[in-house]
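Residue numbers 970 to 1200, in this note's numbering, belong to the letters of the sequence shown in order.
Ideal Cβ positions, reconstructed from N, Cα and C, are used throughout, including at glycine.
Given the structure is predicted, the values throughout are model-derived calculations rather than measurements.
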Amino acid sequence: MIVRLEGVSKEYRLGDQRILALDKTDLVMNLGELLLIIGPSGSGKTTLLSLIGCVIYPSTGKLWVNDTLVNDLNQNQLAALRLNNIGFVFQNFNLLAPLTAEQNVLMPLTLKGMNKKEAQQKVNEALHLVGMEDRRKNLPKELSGGQQQRIAIARALVSEPKLFLCDEPTASLDKDSMHVVMNELRSLADKGKAVAVVTHDPRLREYAHRIVEVNNGIVTETNDSSKLSLS
Ligand SMILES: Nc1ncnc2c1ncn2[C@@H]1O[C@H](COP(=O)(O)OP(=O)(O)OP(=O)(O)O)[C@@H](O)[C@H]1O
Ligand SMILES: [Mg+2]
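Structure, rendered in structure tokens:
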């Protein structure tokens, strides 16, 4: 088990308004599993993923990632936990605008202090995997949405994190690119990583080991074994 949520909820406050984005949730993520998080727009999927990814703090409950109680960590400790354990593909990609595609992918390895030669090798492999070697020198604004998405995926893959979290990783991709990305994510899970994929696309169900549905902030695990076709 690499992630555990016990009664974790998230409430946003905007002035007088309170928005319960995620109701109290119990959930675990295991190494070797691809967990699909599926639900309609506004249901709380990004909120759930951001909690698991140590991007935001829970409002209630306890959250453990890699045997560390996240509630107790300060911002710096949280950043270190993310850098060393988590690859996150954000819904809006979050690429750094002044950096080229290649420099974006290199960033996590630089932060980790990896030597240049080894880092460049890993960057090349990650760019190859997502089919973006020929656009490595381009800035994000010079790339299409799907190309930016693939660079964001390469950046999350490059440091080989054991927890890999993707928010709508196939939303801007055509069918062929979607299959490439999902097959890669599935194979990461089969090789022992923990992978979570947020989507509202039911076509992704066939890649999942486990599926949870999010509706109006409420998370329900669906044990639909007919979907475990790839296992
Ligand atoms: N920073 C925030 N401040 C206030 N409310 C927020 C914030 N982030 C999300 N919310 C609200 O929390 C609820 C859940 O949002 P969330 O982004 O988790 O949904 P989602 O399932 O990812 O939707 P989508 O499929 O459209 O990306 C929504 O009502 C949203 O407006
Ligand atoms: Mg979202």
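(message) Need the endpoints of the beta strand (DSSP E) that M998 sits in, please.
(response) Within the sequence shown, the letter at position 29 stands for residue 998. Looking at the DSSP string, the run of the beta strand (DSSP E) that includes M998 is 986-998.
(message) Just list the residues that DSSP pairs R1179 with in beta bridges.
(response) Locating residue 1179 in the sequence shown gives position 210, where the first residue counts as 1. For R1179, which the question treats as bridged, DSSP gives the partners L1004.
(message) When you compare the CB positions of G1186 and G1030, do they come within less than 9 Å of one another, or not?
(response) As a position in the sequence shown, residue 1186 is number 217, starting the count at 1. As a position in the sequence shown, residue 1030 is number 61, starting the count at 1. In this structure, G1030 does not lie closer than 9 Å to G1186 by Cβ.
(message) Is any non-hydrogen atom of ligand 2 found closer than 8 Å to the C-beta of D1136, if you look at the structure I gave you?
(response) Translated into the one-based positions of the sequence shown, residue 1136 becomes position 167. At least one heavy atom of ligand 2 falls within 8 Å of the beta-carbon of D1136.
(message) One question on the structure: do R1124 and V1058 come within less than 9 Å of each other, judged by their Cβ atoms?
(response) Taking the sequence shown and counting its residues from 1, the one referred to as residue 1124 is at position 155. Taking the sequence shown and counting its residues from 1, the one referred to as residue 1058 is at position 89. Result yes, Cβ atoms of R1124 and V1058 sit closer than 9 Å.
(request) Tell me, to the nearest whole angstrom, how far the beta carbon of L991 is from that of K979; I am working on the premise that it is less than 8 Å. (result) Position 22 of the sequence shown holds residue 991. Position 10 of the sequence shown holds residue 979. Right, their Cβ atoms sit about 4 Å apart.
(request) Under 7 Å Cβ to Cβ from R1104, same chain only, skipping five residues before and after it: list those, please. (result) Taking the sequence shown and counting its residues from 1, the one referred to as residue 1104 is at position 135. Excluding sequence neighbours, R1104 sits near A1070, L1112, Q1116.
(request) Please list the segments of the alpha helix (DSSP H) lying wholly inside the region 1028-1098, counting only runs of 4 or more residues, in order along the chain. (result) Every unbroken stretch of the alpha helix (DSSP H) spanning 4 or more residues and falling wholly within the region 1028-1098 is given here in chain order: 1044-1054, 1070-1081, 1085-1098.
(request) Could you tell me if R1051 is buried or exposed, where buried requires 16 or more neighbouring beta carbons within 10 angstroms of its beta carbon? (result) Stepping through the sequence shown from its first residue, residue 1051 is reached at position 82. Flag for R1051 reads buried.
(message) Please report the straight-line C-alpha distance between T1189 and V1167, rounded to a whole angstrom.
(response) Within the sequence shown, residue 1189 is the residue found at index 220, counting from 1. Within the sequence shown, residue 1167 is the residue found at index 198, counting from 1. Their Cα atoms are separated by approximately 14 Å.
(request) Would you kindly report the start and end of the unbroken alpha helix (DSSP H) that includes L1018? (result) Taking the sequence shown and counting its residues from 1, the one referred to as residue 1018 is at position 49. Run containing L1018: 1014-1021, per the alpha helix (DSSP H) assignment.
(request) Specify the secondary structure class of D1143 as computed by DSSP and reduced to three states. (result) Within the sequence shown, numbered from 1, the residue matching residue 1143 stands at position 174. Secondary structure of D1143 (DSSP, three-state): coil.
(request) Flag this pair as yes or no: are the beta carbons of P1077 and G1100 separated by less than 9 Å? (result) Taking the first residue of the sequence shown as 1, we reach residue 1077 at position 108. Taking the first residue of the sequence shown as 1, we reach residue 1100 at position 131. Against a cut-off of 9 Å, the Cβ pair of G1100 and P1077 comes out as no contact.
(request) Just the C-alpha distance for E1153 and G984, rounded to the nearest angstrom, thanks. (result) Taking the sequence shown and counting its residues from 1, the one referred to as residue 1153 is at position 184. Taking the sequence shown and counting its residues from 1, the one referred to as residue 984 is at position 15. Cα to Cα, the separation comes out at about 43 Å.
(message) My output table needs one value for N1107: the three-state DSSP class, helix, strand or coil.
(response) If you number the sequence shown from 1, residue 1107 lands on position 138. In the structure shown, N1107 falls within a coil segment according to DSSP collapsed to helix, strand and coil.
(message) Below 8 Å on the Cβ atoms is my contact criterion, and I expect N1035 with N1063 to pass it. Report the Cβ-Cβ distance as a whole number of Å.
(response) Here the question's residue 1035 lines up with position 66 in the sequence shown. Here the question's residue 1063 lines up with position 94 in the sequence shown. That belief does not hold up - the Cβ atoms of N1035 and N1063 are roughly 22 Å apart, past 8 Å.
(request) Kindly indicate which three-state DSSP category I1187 falls into: helix, strand or coil? (result) Taking the sequence shown and counting its residues from 1, the one referred to as residue 1187 is at position 218. The answer is strand: DSSP assigns I1187 an E or B state.
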